[in-house]
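Enquirer: Numbers 3 to 294, taken from our numbering, label the letters of the sequence shown in order.
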Amino acid sequence: MWRVIMRKIFGLIRVCILVIINFFVFCSVFKAEWALGITAIIAIIAYLGEYVSLAKDQAIPVQNLDVYYKSKLETAYQLLCEQGKSTGVDLRYLRLYMVPDERINAYSYGRNHIGVTKGLLALDDASIAGVLAHESAHCLAADSFIKRILFCDITLIILGLSIMGFLSTGFLWIAFALLCFLGLCGGFLSIFITGVLSKMIRCFFTGFQHISLFIYQITVGIISRNMEYSADRFAAKMNFANELAFFLNRFSVEDGAPKTLRGIMYASHPASKKRIKKIEKYCYTTLSEEVD
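Pasting the structure below:
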């Protein structure tokens with residue numbers, strides 16, 4: 003039970019730190035009242051995003067499934083809870099859904115909602131339970147909540163840069179029109195120079211947008227990969243290491259094409275081989291400590 007509590011506390015601390023950082027960053031741009039309001043709106047969006055994602059994926063609650071899929075999901079969940087109980091982890095609070103998708107996958111939507119695809123339910127109960135153990139770790143650590151906050155942040159940054167670029171070019175052309183009206187400038191050369199300056203301003207703000215998006219993608223990629231490793235370790239601690247490693251080796255979708263530098267930096271999930279090696283390393287280390 004202490005593992006669940008510690009992981010929940012860890013997730014809550016991370017969320018609080020991120021929210022506080024957001025508030026102070028916004029305070030450097032806006033008044034404190036505005037900064038507090040924007041931070042609160044982002045937190046609300048991140049919270050409601052859990053339910054929006056469920057609706058978007060057309061996730062079906064386990065109690066509304068037909069007999070076969072309901073039985074499969076409940077059996078795997080029971081196996082997860084039994085294994086969790088033996089390792090001191092209480093996961094009875096989870097709410098399960100089936101996503102009508104033939105692909106093999108699973109999703110952590112937020113605090114306690116997990117969705118598994120229709121394709122995943124074709125696997126054996128132990129493999130499904132292993133995947134559920136992995137996704138439950140994301141729920142406990144509030145990983146989805148953190149990602150949604152970061153997404154809101156980059157959306158605000160890009161939107162802000164777009165508005166600043168639009169206002170800057172608009173101000174330039176208004177100033178040009180005013181000068182023409184006063185007879186201080188005019189002619190083709192003035193229009194050409196103003197057009198060039200306007201284009202330079204747009205390029206400047208567009209460049210900042212691309213740089214911001216680049217930094218965001220790399221940062222989220224690094225954070226997401228660490229989240230996956232952490233969730234794998236949690237599943238391994240619940241004694242689902244073999245089931246998870248089997249699933250990653252057999253069913254994880256990775257194309258065989260060579261990975262580009264861009265693809266490696268932006269990837270939200272580590273390569274399955276790396277994940278399996280880390281799971282094996284964790285199991286070996288744990289076994290060695292028990293023997294010693």
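Here a beta-carbon is modelled for each residue, glycine too, at the ideal position from N, C-alpha and C.
According to DSSP, simplified to helix, strand and coil, what is I116?
Expert: Position 114 of the sequence shown holds residue 116. In the structure shown, I116 sits in a strand (DSSP, three-state: E or B).
Enquirer: Quick one: is I281 buried, meaning 16 or more other Cβ sit within 10 Å of its Cβ, or exposed?
Expert: The count along the sequence shown starts at 1 and reaches residue 281 at position 279. Burial call: buried.
Enquirer: Secondary structure at R97, three-state DSSP: helix, strand or coil?
Expert: For the purposes of this step, residue 97 is taken as residue 95 along the sequence shown, with counting starting at 1. In this structure, R97 counts as strand in the three-state DSSP scheme.
Enquirer: Using a 10 Å radius around the Cβ and a threshold of 16 neighbouring Cβ atoms, would you call P272 buried or exposed?
Expert: One-based indexing of the sequence shown puts residue 272 at position 270. P272 comes out buried.
Enquirer: Could you spell out where the beta strand (DSSP E) holding Y109 opens and where it closes?
Expert: As a position in the sequence shown, residue 109 is number 107, starting the count at 1. Unbroken beta strand (DSSP E) run through Y109: A108 to S110.
Enquirer: Note down the Cα distance separating N107 from K74, rounded to an integer number of angstroms.
Expert: By one-based count along the sequence shown, residue 107 stands at place 105. By one-based count along the sequence shown, residue 74 stands at place 72. Taking the straight line from one Cα to the other gives about 15 Å.
Enquirer: How about E52 and Y95: are their beta carbons less than 8 Å apart?
Expert: The residue given as residue 52 occupies position 50 in the sequence shown. The residue given as residue 95 occupies position 93 in the sequence shown. No.
Enquirer: Let me make sure I understand the geometry here. Which of S88, I225 and E76 has the alpha-carbon closest to that of K149?
Expert: On the sequence shown, residue 149 is found 147 positions in, with the first residue counted as 1. Cα-wise, what sits closest to K149 is I225.
Enquirer: With respect to the alpha helix (DSSP H) encompassing N244, which residues constitute its N-terminal and C-terminal limits?
Expert: One-based indexing of the sequence shown puts residue 244 at position 242. N244 -> alpha helix (DSSP H) spans A243 to F253.
Enquirer: So, L174 versus T196, is the Cβ gap smaller than 8 Å?
Expert: What you label residue 174 is simply residue 172 of the sequence shown in a count that begins at 1. What you label residue 196 is simply residue 194 of the sequence shown in a count that begins at 1. In contact: L174 and T196 (Cβ atoms closer than 8 Å).
Enquirer: What residues match up with I62 in a beta bridge as DSSP calls it?
Expert: Within the sequence shown, numbered from 1, the residue matching residue 62 stands at position 60. The partner list for I62 (beta bridge, DSSP) reads M100.
Enquirer: Whose C-beta lies closer than 8 Å to the C-beta of I156 among residues of the same chain, with five residues either side of it excluded?
Expert: By 1-based counting over the sequence shown, the position of residue 156 is 154. These residues qualify, in order along the chain: S214, L215 and Y218.
Enquirer: Please classify K283: is it buried, with 16 or more other beta-carbons within 10 angstroms of its beta-carbon, or exposed?
Expert: Taking the first residue of the sequence shown as position 1, residue 283 is located at position 281. It is exposed - the Cβ of K283 has fewer than 16 other Cβ atoms within 10 Å.
Enquirer: Does DSSP classify A144 as helix, strand or coil?
Expert: Residue 144 sits at position 142 when you count from the first residue of the sequence shown. Note: A144 maps to coil in three-state DSSP.
Enquirer: Inspect the beta-carbon positions of M100 and L67 and report whether they are closer than 8 Å.
Expert: Residue mapping note: residue 100 aligns to position 98 of the sequence shown, counting from 1. Residue mapping note: residue 67 aligns to position 65 of the sequence shown, counting from 1. For M100 and L67, yes; Cβs fall inside 8 Å.
Enquirer: So what does DSSP say about S274, is it helix, strand or coil?
Expert: Looking up residue 274 in the sequence shown gives position 272. S274: helix per DSSP, three-state reduction.
Enquirer: Exposed or buried, A42, counting other C-beta atoms within 10 Å across all chains shown (16 or more means buried)?
Expert: Your numbering for residue 42 matches position 40 in the sequence shown. Counting Cβ neighbours within 10 Å, A42 comes out exposed, since fewer than 16 surround it.
Enquirer: Going by DSSP, what residue range makes up the alpha helix (DSSP H) through K87?
Expert: Taking the sequence shown and counting its residues from 1, the one referred to as residue 87 is at position 85. Residues V69 to S88.
Enquirer: Could you check the C-alpha separation between M202 and I151 for me, to the nearest Å?
Expert: Here residue 202 corresponds to residue number 200 of the sequence shown, with the count starting at 1. Here residue 151 corresponds to residue number 149 of the sequence shown, with the count starting at 1. Going by the C-alpha atoms only, they are around 32 Å apart.
Enquirer: Would you kindly work out how many angstroms separate the C-alpha atoms of R105 and C141, rounded to a whole number?
Expert: The residue you call residue 105 lines up with position 103 of the sequence shown. The residue you call residue 141 lines up with position 139 of the sequence shown. Whole-angstrom Cα-Cα distance: 22 Å.
Enquirer: When we look at the beta-carbon of E137 and count the other beta-carbons within 10 Å, is it buried (16 or more) or exposed?
Expert: Here residue 137 corresponds to residue number 135 of the sequence shown, with the count starting at 1. Classification for E137: buried.
Enquirer: Taking S274 and N251 to be in contact with their CB atoms under 8 Å, please state how far apart those CB atoms are, rounded to whole angstroms.
Expert: Here residue 274 is taken as the residue at index 272 of the sequence shown, counted from 1. Here residue 251 is taken as the residue at index 249 of the sequence shown, counted from 1. Confirmed, about 7 Å.
Enquirer: M240 and V91 look like a contact to me (Cβ under 8 Å); what is the Cβ gap, rounded to whole Å?
Expert: Residue 240 sits at position 238 when you count from the first residue of the sequence shown. Residue 91 sits at position 89 when you count from the first residue of the sequence shown. 6 Å between Cβ atoms; contact.
Enquirer: Taking Cβ to Cβ, would you say F207 is nearer than 8 Å to G132?
Expert: On the sequence shown, residue 207 is found 205 positions in, with the first residue counted as 1. On the sequence shown, residue 132 is found 130 positions in, with the first residue counted as 1. Not a contact, by the Cβ cut-off of 8 Å.
Enquirer: Can the beta-carbon of R9 be found closer than 8 Å to that of A177?
Expert: Looking up residue 9 in the sequence shown gives position 7. Looking up residue 177 in the sequence shown gives position 175. No, the pair does not count as a contact, with Cβ atoms beyond the cut-off.
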